[in-house]
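K.L.:
There are 4 protein chains.
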Amino acid sequence: MDSTAPEESDSETAPPMAPLSQLREPPATKRGARTRAALVTAARRVFERDGYLDARLTDITKEARCAAGSFYTYFANKEEVLAAVLLEAQEDMLHPGMGRVQATDDAYAVLEASNRAYLEAYRRNAKLMALLEQVAQVEPEFREFRRRRADAFIRRNARGIAELQARGVADREVDPMTASRALSGMVSVMAYHAFVAGDVRDEGGPVDFEALVSTVTRLWANALRFPGHR
Amino acid sequence: MDSTAPEESDSETAPPMAPLSQLREPPATKRGARTRAALVTAARRVFERDGYLDARLTDITKEARCAAGSFYTYFANKEEVLAAVLLEAQEDMLHPGMGRVQATDDAYAVLEASNRAYLEAYRRNAKLMALLEQVAQVEPEFREFRRRRADAFIRRNARGIAELQARGVADREVDPMTASRALSGMVSVMAYHAFVAGDVRDEGGPVDFEALVSTVTRLWANALRFPGHR
Amino acid sequence: MDSTAPEESDSETAPPMAPLSQLREPPATKRGARTRAALVTAARRVFERDGYLDARLTDITKEARCAAGSFYTYFANKEEVLAAVLLEAQEDMLHPGMGRVQATDDAYAVLEASNRAYLEAYRRNAKLMALLEQVAQVEPEFREFRRRRADAFIRRNARGIAELQARGVADREVDPMTASRALSGMVSVMAYHAFVAGDVRDEGGPVDFEALVSTVTRLWANALRFPGHR
Amino acid sequence: MDSTAPEESDSETAPPMAPLSQLREPPATKRGARTRAALVTAARRVFERDGYLDARLTDITKEARCAAGSFYTYFANKEEVLAAVLLEAQEDMLHPGMGRVQATDDAYAVLEASNRAYLEAYRRNAKLMALLEQVAQVEPEFREFRRRRADAFIRRNARGIAELQARGVADREVDPMTASRALSGMVSVMAYHAFVAGDVRDEGGPVDFEALVSTVTRLWANALRFPGHR
DNA sequence: AATGAATGAGGTTTCATTCAT
DNA sequence: AATGAATGAAACCTCATTCAT
Numbered sequence: 001m002d003s004t005a006p007e008e009s010d011s012e013t014a015p016p017m018a019p020l021s022q023l024r025e026p027p028a029t030k031r032g033a034r035t036r037a038a039l040v041t042a043a044r045r046v047f048e049r050d051g052y053l054d055a056r057l058t059d060i061t062k063e064a065r066c067a068a069g070s071f072y073t074y075f076a077n078k079e080e081v082l083a084a085v086l087l088e089a090q091e092d093m094l095h096p097g098m099g100r101v102q103a104t105d106d107a108y109a110v111l112e113a114s115n116r117a118y119l120e121a122y123r124r125n126a127k128l129m130a131l132l133e134q135v136a137q138v139e140p141e142f143r144e145f146r147r148r149r150a151d152a153f154i155r156r157n158a159r160g161i162a163e164l165q166a167r168g169v170a171d172r173e174v175d176p177m178t179a180s181r182a183l184s185g186m187v188s189v190m191a192y193h194a195f196v197a198g199d200v201r202d203e204g205g206p207v208d209f210e211a212l213v214s215t216v217t218r219l220w221a222n223a224l225r226f227p228g229h230r
Numbered sequence: 001m002d003s004t005a006p007e008e009s010d011s012e013t014a015p016p017m018a019p020l021s022q023l024r025e026p027p028a029t030k031r032g033a034r035t036r037a038a039l040v041t042a043a044r045r046v047f048e049r050d051g052y053l054d055a056r057l058t059d060i061t062k063e064a065r066c067a068a069g070s071f072y073t074y075f076a077n078k079e080e081v082l083a084a085v086l087l088e089a090q091e092d093m094l095h096p097g098m099g100r101v102q103a104t105d106d107a108y109a110v111l112e113a114s115n116r117a118y119l120e121a122y123r124r125n126a127k128l129m130a131l132l133e134q135v136a137q138v139e140p141e142f143r144e145f146r147r148r149r150a151d152a153f154i155r156r157n158a159r160g161i162a163e164l165q166a167r168g169v170a171d172r173e174v175d176p177m178t179a180s181r182a183l184s185g186m187v188s189v190m191a192y193h194a195f196v197a198g199d200v201r202d203e204g205g206p207v208d209f210e211a212l213v214s215t216v217t218r219l220w221a222n223a224l225r226f227p228g229h230r
Numbered sequence: 001m002d003s004t005a006p007e008e009s010d011s012e013t014a015p016p017m018a019p020l021s022q023l024r025e026p027p028a029t030k031r032g033a034r035t036r037a038a039l040v041t042a043a044r045r046v047f048e049r050d051g052y053l054d055a056r057l058t059d060i061t062k063e064a065r066c067a068a069g070s071f072y073t074y075f076a077n078k079e080e081v082l083a084a085v086l087l088e089a090q091e092d093m094l095h096p097g098m099g100r101v102q103a104t105d106d107a108y109a110v111l112e113a114s115n116r117a118y119l120e121a122y123r124r125n126a127k128l129m130a131l132l133e134q135v136a137q138v139e140p141e142f143r144e145f146r147r148r149r150a151d152a153f154i155r156r157n158a159r160g161i162a163e164l165q166a167r168g169v170a171d172r173e174v175d176p177m178t179a180s181r182a183l184s185g186m187v188s189v190m191a192y193h194a195f196v197a198g199d200v201r202d203e204g205g206p207v208d209f210e211a212l213v214s215t216v217t218r219l220w221a222n223a224l225r226f227p228g229h230r
Numbered sequence: 001m002d003s004t005a006p007e008e009s010d011s012e013t014a015p016p017m018a019p020l021s022q023l024r025e026p027p028a029t030k031r032g033a034r035t036r037a038a039l040v041t042a043a044r045r046v047f048e049r050d051g052y053l054d055a056r057l058t059d060i061t062k063e064a065r066c067a068a069g070s071f072y073t074y075f076a077n078k079e080e081v082l083a084a085v086l087l088e089a090q091e092d093m094l095h096p097g098m099g100r101v102q103a104t105d106d107a108y109a110v111l112e113a114s115n116r117a118y119l120e121a122y123r124r125n126a127k128l129m130a131l132l133e134q135v136a137q138v139e140p141e142f143r144e145f146r147r148r149r150a151d152a153f154i155r156r157n158a159r160g161i162a163e164l165q166a167r168g169v170a171d172r173e174v175d176p177m178t179a180s181r182a183l184s185g186m187v188s189v190m191a192y193h194a195f196v197a198g199d200v201r202d203e204g205g206p207v208d209f210e211a212l213v214s215t216v217t218r219l220w221a222n223a224l225r226f227p228g229h230r
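Residue numbers (UniProt numbering), protein chains in the order written: chain L, 1 to 230; chain C, 1 to 230; chain R, 1 to 230; chain U, 1 to 230.
1) By a C-beta neighbour count over all protein chains shown, 10 Å radius and 16 as the cutoff for buried, is R/Thr-29 buried or exposed?
2) Taking the alpha carbon of U/Arg-155 as the point to measure from, which residue in U/Leu-39, U/Pro-176, U/Arg-45 and U/Glu-48 has its own alpha carbon closest?
3) Between U/Leu-39 and U/Ile-60, is the Cβ-Cβ spacing less than 8 Å?
4) From the DSSP output, in three-state form, read off R/Asn-125 for me.
5) What does C/Val-189 reach in chain L if we use C-beta pairs closer than 9 Å?
6) Can you tell me whether residue 297 of chain C is buried or exposed, with buried defined as 16 or more other CB within 10 angstroms of its CB?
7) With burial defined as no fewer than 16 other Cβ atoms inside 10 Å of the residue's Cβ, what is the status of R/Asp-151: buried or exposed?
8) Quick check on U/Val-81 - is its C-beta less than 8 Å from some C-beta in chain R?
9) Straight-line CA distance for R/Gly-51 to C/Glu-48?
10) Could you give the distance in angstroms between the alpha-carbon of U/Asn-222 and the alpha-carbon of R/Thr-215?
11) Cα-Cα, which of C/Arg-123, C/Asp-54 and C/Phe-145 is closest to C/Phe-195?
12) Using 8 Å as the limit for Cβ to Cβ distance, is L/Thr-29 near chain C?
13) Please give the ranges of any alpha helix (DSSP H) in the UniProt DNA-binding region "H-T-H motif" (56–75) of chain L, keeping only runs that are unbroken, at least 4 residues long and fully inside the region.
14) Please classify U/Glu-91: does DSSP put it in a helix, a strand, or coil?
15) Just curious, the alpha helix (DSSP H) that L/Leu-224 is in, first and last residue?
16) Are the CB atoms of L/Val-147 and C/Ala-197 nearer to each other than 8 Å?
17) Along chain R, in chain order, which residues have C-beta atoms closer than 9 Å to that of U/Glu-139?
18) Using a 10 Å radius around the Cβ and a threshold of 16 neighbouring Cβ atoms, would you call L/Arg-218 buried or exposed?
19) Could you check what DSSP says for C/Arg-172 in three-state terms: helix, strand or coil?
20) If you draw a straight line from the C-alpha of C/Ser-114 to the C-alpha of L/Val-187, how long is it?
21) Give me the chain L residues within the contact set of C/Gln-134, using Cβ-Cβ distance strictly less than 9 Å, ordered along the chain.
22) Quick one: grab the DSSP three-state call for L/Ala-33.
23) Counting C-beta neighbours from all protein chains within 10 Å, is the total for L/Thr-178 16 or more, i.e. buried, or is it exposed?
24) Does R/Leu-53 have its Cβ less than 8 Å from a Cβ in chain U?
25) Is the separation between the beta-carbon of C/Leu-119 and that of C/Val-213 shorter than 8 Å?
26) Under a Cβ-count criterion, where at least 16 other Cβ atoms within 10 Å of its own Cβ denotes burial, should U/Ser-3 be classed as buried or exposed?
27) Which chain L residues are close to C/Arg-225, counting only those with a beta carbon under 8 Å from its beta carbon?
28) Short of 8 Å in beta carbon distance, which residues of its chain neighbour R/Thr-35, apart from the five on each side in sequence? Order them along the chain.
29) Can you list, in chain order, the residues of its chain whose CB lies under 6 Å from that of C/Glu-112, leaving out five sequence neighbours each side?
30) Taking Cβ-Cβ distances below 8 Å as the criterion, which residues of the stretch 145–161 of chain L are in contact with chain C?
31) Where does C/Thr-217 fall in DSSP's three states?
32) 8 Å is my cut-off, CB to CB: does C/Ala-197 come that close to chain L?
33) Cβ of L/Val-213 less than 8 Å from any chain C Cβ?
34) Taking only the alpha-carbon atoms, compute the straight-line gap between L/Thr-58 and L/Ala-68 and give it to the nearest angstrom.
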């Protein structure tokens, strides 16, 4: 089974990240490719530093060491660079690689591995996740993006839950999609709190990552009434 | 026990909503009070309609049928009216009244009532909650506000969990605060999805409120391993 | 003889402070008189604290503990209160009383006494003088006021110089008015530097008043070639 | 010796006009340089016409035939353009060139030449001097600018006085700095009266420049008791 | 006389986007 | 392709003055 995750979408089948993939054709020359890449990198840095709303296009071009006008050779506006930034990071954000435990039929172990993979990915991309949260509140296009990303996770986990129900491992009373939404949401909220909101908190040192994984997994397993663990 | 809830703050004891309570002295005359009230009402309407960022002060004064300058008789800026709007709605948002089941010792029933009360309050104030989510991404002052609001709920529920653990009704392996954060977060995510994000969803009709309450309650109870229910 | 002074006017004969004397009739009731007085006092305090330009009418009414509207019962605008403030202080600013040495024919002693009186008056009213300098740069009406005030001093001193020339005590080569303008200006510049600009200076402690008087007097006497002193 | 002058600053060694020299990097292109220059010229014209306070930024851009926003490409605000205006005129205001009489040891002739040079420079820049007086009353930064400018003159003259004292040509009883402040101030007051205040005066025709120079020089020489001149 | 709320004109400032070089 | 200056719409905010109680 495949667990976790919050308010996002895009399974492997669905047209991935639809609205954001409408990018113009890639630069023809090498120099063009270099400039474009510099802009994307710069944009990510500026967005993560200043937030989407406070980021000015000139900040980005300045950071990329190119002229203000050059921006428009590659992007139509701020939204479009952000799309490029997210697209570039998408791979890592979407597919929290977890090959290891796949081969077992210990549902609990699989769940735990899955949660760990999700949380690690979240931690790795914390600033980007924070950015996405912000943008989603402001730009409908990205609200949709976030929704699809979340949905992808939720569906995946729902499939896992349904499977476990079939195997008699999970409580059959709950609707798999609803349960998945609730539990995936639970994990994503914890991730947000630990890696985004927690960043700025003075209280408490850094989050105990393993404790987080195990608490979340335990609650999830309990919620589905996994049999006889612990 | 007293359950549920997401990213909010301020118990009955703590200085309620600290940063927002720094209000200037109330208007001295009746007319002043009327104008101020009109502005707050107008602001709420405009904020809910256009969002915080797109709301222009002149829209608010226009809606309140007063001159642009009058705004500044009562508020220093957009933030301050929003504070007033939230303050006015605070009562209802903070204390999802649930007197009924208090007297029972049936933990499950109390939990369910508590969740229902929370979700009802969320639904009643859905637009405001959406607004708060948006503003929290943009204005640190309101991020703090949201955090305190969430914390209040989380603490309250953590106390409930600890109590149940003491009575042997809840799983003693989990840290009450962490579990509360996870489960309260789970409920708030569901509420957000149902009443905020769901508003704009085309798919699916209106959310089945009772199903929501019972699913959430069941997962919560399971997660804490309430004994032998259902 | 009667010395000193800067760029101002109003002798005893000329229509004193013409543009400022157009005040409305005094308040009829006792209460009115009290309010008006409070406003003038408050205005002086606010002007001296914030400067003329930064002083807001509401600051003045607040300081006077009365309503904004009440201001217009007594004054048409900011200029008019300032006129009232200056008028009230005029006596002391214009007639640096110096009776003592009058009876002597020692020109040097008279000159010194006169300078001392002028400088003492300037020091006493330093904040008001600073205010006047500021306003004169901004409001033509008060530029004129300052000019008349200066002229009065200059004319008075010019008469003194002419007299001394007649008695053979002062250099006959210079035009009394021009010399008076130059030397009176010299004293006023020193006063401004010592009591206005000097206020904010960190360097040097407070000005040595007596040294100031004697230097200024010596230069003045020398300039007119008073015979054989010192 | 090197005489004259009032409220000014910055000798050849000191960091010249400190607070105003914090300029951003100059425009990179020719067009940029042209626009910037047009703005400075326009600003000077508008300031001299309307005064600093009444000058609106839009007046300046209109006068410079460019868009309102273009202003901010080169200046952050009104203060900054004024700084540019003053900086551009500084050379002429600060170094009233007078090479001619340098080679003589006739102290009186040198003094007279120095005074003439100062007064000529003042007259040439009369409108700017008036502007500086106004701004100094309003913007602390420019008050400081004026102070430094004056100080430079005063120090220069003080050195001259000290030298003459050493040569036995000037009265040794007075402190050179104080005397310089007084006499330099005297000259600047006369200049202000003749070229700034006098502009708007109806009475009297244009000032007799040579009479002004000679009166001021005579009083100055007398004040320091230059021996047996005439 | 006093009160204090209401008014509204108008300047400043920002910054995404365009465009001439 | 790159440059960087020019554009201008739009929103905020101030505060002297008026006016209804």
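Don't be surprised by glycine CBs; every beta carbon is placed ideally from N, CA and C.
Fair warning: this is a prediction, and the values are worked out from it, not measured in the lab.
P.N.:
Result, derived from the coordinates:
1) Translated into the one-based positions of the third sequence, residue 29 of chain R becomes position 29. Per the 10 Å Cβ criterion, exposed.
2) Taking the first residue of the fourth sequence as position 1, residue 155 of chain U is located at position 155. Answer by Cα proximity: U/Pro-176.
3) On the fourth sequence, residue 39 of chain U is found 39 positions in, with the first residue counted as 1. On the fourth sequence, residue 60 of chain U is found 60 positions in, with the first residue counted as 1. Taking 8 Å as the Cβ cut-off, U/Leu-39 and U/Ile-60 qualify as a contacting pair.
4) What you label residue 125 of chain R is simply residue 125 of the third sequence in a count that begins at 1. Coil, per DSSP.
5) If you number the second sequence from 1, residue 189 of chain C lands on position 189. Per Cβ cutoff of 9 Å: Pro-6, Glu-7, Arg-181, Ala-182, Ser-184, Gly-185, Met-186, Ser-188 and Val-189.
6) Residue numbering for chain C in the displayed model covers 1 to 230; residue 297 of chain C lies beyond these limits and cannot be assessed.
7) In the third sequence, residue 151 of chain R corresponds to position 151, counting from 1. R/Asp-151 should be labelled buried.
8) Numbered from 1 along the fourth sequence, position 81 holds the residue referred to as residue 81 of chain U. By this cut-off, U/Val-81 is not an interface position.
9) Counting from one through the third sequence, the residue named residue 51 of chain R turns up at place 51. Counting from one through the second sequence, the residue named residue 48 of chain C turns up at place 48. The straight-line gap from Cα to Cα measures roughly 44 Å.
10) Walking along the fourth sequence from the start, residue 222 of chain U turns up at place 222. Walking along the third sequence from the start, residue 215 of chain R turns up at place 215. For U/Asn-222 and R/Thr-215, the distance between alpha carbons rounds to 14 Å.
11) The count along the second sequence starts at 1 and reaches residue 195 of chain C at position 195. It is C/Arg-123.
12) In the first sequence, counting from the first residue as 1, residue 29 of chain L sits at position 29. Not one chain C Cβ lies under 8 Å of L/Thr-29.
13) 57–63 and 71–74
14) As a first step, residue 91 of chain U is located in the fourth sequence; it is residue number 91 there, counting from the start. DSSP places U/Glu-91 in helix when its eight states are reduced to three.
15) Translated into the one-based positions of the first sequence, residue 224 of chain L becomes position 224. Segment: none, L/Leu-224 is in no alpha helix (DSSP H) and carries neither H nor E.
16) Within the first sequence, the letter at position 147 stands for residue 147 of chain L. Within the second sequence, the letter at position 197 stands for residue 197 of chain C. The question names Val, yet the displayed sequence has Arg at residue 147 of chain L. Their beta carbons are under 8 Å apart, which means L/Arg-147 touches C/Ala-197 by this criterion.
17) Sequence index remark: in the fourth sequence, residue 139 of chain U carries index 139 (1-based). The premise fails here: U/Glu-139 is roughly 11 Å from chain R at the closest Cβ pair, so nothing lies under 9 Å.
18) Sequence index remark: in the first sequence, residue 218 of chain L carries index 218 (1-based). Buried, by the Cβ-count rule.
19) Stepping through the second sequence from its first residue, residue 172 of chain C is reached at position 172. If DSSP states are grouped into helix, strand and coil, C/Arg-172 belongs with coil.
20) As a working mapping, residue 114 of chain C is identified with position 114 in the second sequence. As a working mapping, residue 187 of chain L is identified with position 187 in the first sequence. Approximately 22 Å, taken between the alpha carbons.
21) Taking the first residue of the second sequence as position 1, residue 134 of chain C is located at position 134. Residues of chain L passing the Cβ test: Gln-137 and Val-138.
22) Working through the first sequence from its first residue, we reach residue 33 of chain L at position 33. In the structure shown, L/Ala-33 sits in a helix (DSSP, three-state: H, G or I).
23) Your numbering for residue 178 of chain L matches position 178 in the first sequence. L/Thr-178 comes out buried.
24) Counted from its first residue, the third sequence places residue 53 of chain R at position 53. Closer than 8 Å: yes.
25) Sequence index remark: in the second sequence, residue 119 of chain C carries index 119 (1-based). Sequence index remark: in the second sequence, residue 213 of chain C carries index 213 (1-based). Yes.
26) Against the fourth sequence, residue 3 of chain U aligns to sequence position 3. Confidence in U/Ser-3 is poor, its pLDDT being 46 and thus under 50, which makes the residue's placement unreliable; the coordinate value appears in the next sentence. Classification of U/Ser-3: buried, given that the 10 Å Cβ count is 16 or more.
27) Here residue 225 of chain C refers to the residue found at position 225 of the second sequence. Here the neighbours are Asn-222.
28) In the third sequence, the residue the question calls residue 35 of chain R occupies position 35. Pro-27, Ala-64, Cys-66, Ser-70, Thr-73 and Tyr-74.
29) Residue numbering aside, residue 112 of chain C sits at position 112 when the second sequence is read from its first letter. Result list for C/Glu-112: Thr-217, in chain order.
30) Arg-147
31) Walking along the second sequence from the start, residue 217 of chain C turns up at place 217. DSSP places C/Thr-217 in helix when its eight states are reduced to three.
32) In the second sequence, counting from the first residue as 1, residue 197 of chain C sits at position 197. Closer than 8 Å to some Cβ of chain L, the Cβ of C/Ala-197 qualifies, so yes.
33) In the first sequence, the residue the question calls residue 213 of chain L occupies position 213. So, not an interface residue.
34) By one-based count along the first sequence, residue 58 of chain L stands at place 58. By one-based count along the first sequence, residue 68 of chain L stands at place 68. Distance between the alpha carbons of L/Thr-58 and L/Ala-68 is about 6 Å.
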